[in-house]
Each structure stands twice: as structure tokens, then as C-alpha cells.
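Numbered by mature numbering (1 follows the signal peptide of the UniProt record, and there is no 0), the letters in the sequence shown go through residues -19 to -1, 1 to 122 in order. Ideal Cβ positions, reconstructed from N, Cα and C, are used throughout, including at glycine. Below: the structure, in C-alpha cells.
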Amino acid sequence: MKIRYVLPVALAFTSFANAVELHHIIVRKGTDGLDMVPLTISNVGNEGLSCNADFAHWYSAGIATVEPGESARLELWFDPKTGTFTILNDKRENLPVERLRCGLSGRAYATRVQITLDRTDAAKGERAVSCVTRHDSLVCR
């Protein structure tokens, strides 16, 4: 018997066959049990900023563009039980934030820096970041 006939039949009877089964996922909606922690990103440099959030290892979205001398305020929500920061989408679904990054507009990926979030930001009830261009790169504190 040739392997090209045996292998597909053998794989059909393994646990790998269950790996493609889809399951319904319940998405948390609204802000019940969450604390608002606004994030302000100020651009004190001379080039525009483009900021993105990674919501999953495969999904990211633009969350703000900030022109020189301007600021952007983002509504973040913090779950004190899990330590998770979220952003609400237009359906008020909670999108857990894995990472926030800003970079220089037009080359945001190459110049990106991570904006850190932690429980102390939630305890203060806000997070403020100031970004400036230094030596053709971005510094945010």
C-alpha cells in the first residue's frame, strides 16, 4: 500500500482531527467591573506619531495619530481581577490589549516603541506618555 493512501486515513483517526473543530467564544461587553484608566499620548517632537494596539498575536489596529504639539486621549479599561487592560470597539466588546506601540508616521513599524501599562497606572487612574524624536528614533516616557 502506498503511503499517500495510508497517511490521510491514519490522520483522520488521530486527535488532530479535533483540532479544526470551532467553538463558540463569549466576548465580554461593556464596562461592568472595569476601571477607566485614560491614556494621554503627547507628541512633543517635530514629526507625527502613529500608535497601534496589539489585541492578539495576529490582530492589531491603529488607535491614534498625534501631530506635533498635540495630544491624544484614549479610553482604556482595567480589570482588577485579571490585571488586563482593554479597549472597547464600536460594539462595546472588550479587546484585551497585549501591547501598545507608537512610531513616527510613515515609518511607524521601523521606529516603534512600546508604551507600557501596569497595575500602578490603574491605581493612579490614568497614564500619561510624552514622546519626542531623538536621533531619528522615538523616545516615549
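Practice prompt. Let me know the secondary structure DSSP gives T92 once reduced to three states.
Written response: In this structure, DSSP gives T92 a helical state, which the three-state scheme calls helix.
Practice prompt. Answer yes or no: does any C-beta atom of chain B fall closer than 8 Å to that of A45?
Written response: Judged by its chain identifiers, the structure shown contains no chain B, having just a single protein chain.
Practice prompt. Determine the burial state of N75: buried for a count of at least 16 other Cβ atoms within 10 Å of its Cβ, exposed for fewer.
Written response: It is buried - the Cβ of N75 has at least 16 other Cβ atoms within 10 Å.
Worksheet item: Which of helix, strand or coil does DSSP assign to R100?
Response: DSSP places R100 in the helix class (H, G or I) of the three-state scheme.
Discussion item. Going by DSSP, what residue range makes up the beta strand (DSSP E) through P61?
Written reply: Premise fails: P61 is in no beta strand (DSSP E) and is neither H nor E.
Worksheet item: Going straight from the alpha carbon of G29 to that of P49, what length do you get?
Response: Going by the C-alpha atoms only, they are around 6 Å apart.
Practice prompt. Just mark I7 as buried or exposed, buried being the case when its beta carbon has 16 or more other beta carbons within 10 Å.
Written response: A residue is called buried when at least 16 other Cβ atoms come within 10 angstroms of its Cβ; I7 does not meet this threshold and is exposed.
Worksheet entry | Alpha carbon of R93 to alpha carbon of R80, nearest angstrom | Spanning the two alpha carbons is a distance of roughly 12 Å.
Practice prompt. For T114, write down the residues that DSSP places opposite it in a beta bridge.
Written response: According to DSSP, T114 bridges with L119.
Discussion item. Measuring alpha carbon to alpha carbon, tell me which residue in T101, D60, A91, S111 is nearest D117.
Written reply: If you compare the alpha carbons of T101, D60, A91, S111 with that of D117, the shortest gap goes to A91.
Worksheet item: With 16 other CB atoms within 10 Å as the buried threshold, where does V120 fall?
Response: Exposed is the call here.
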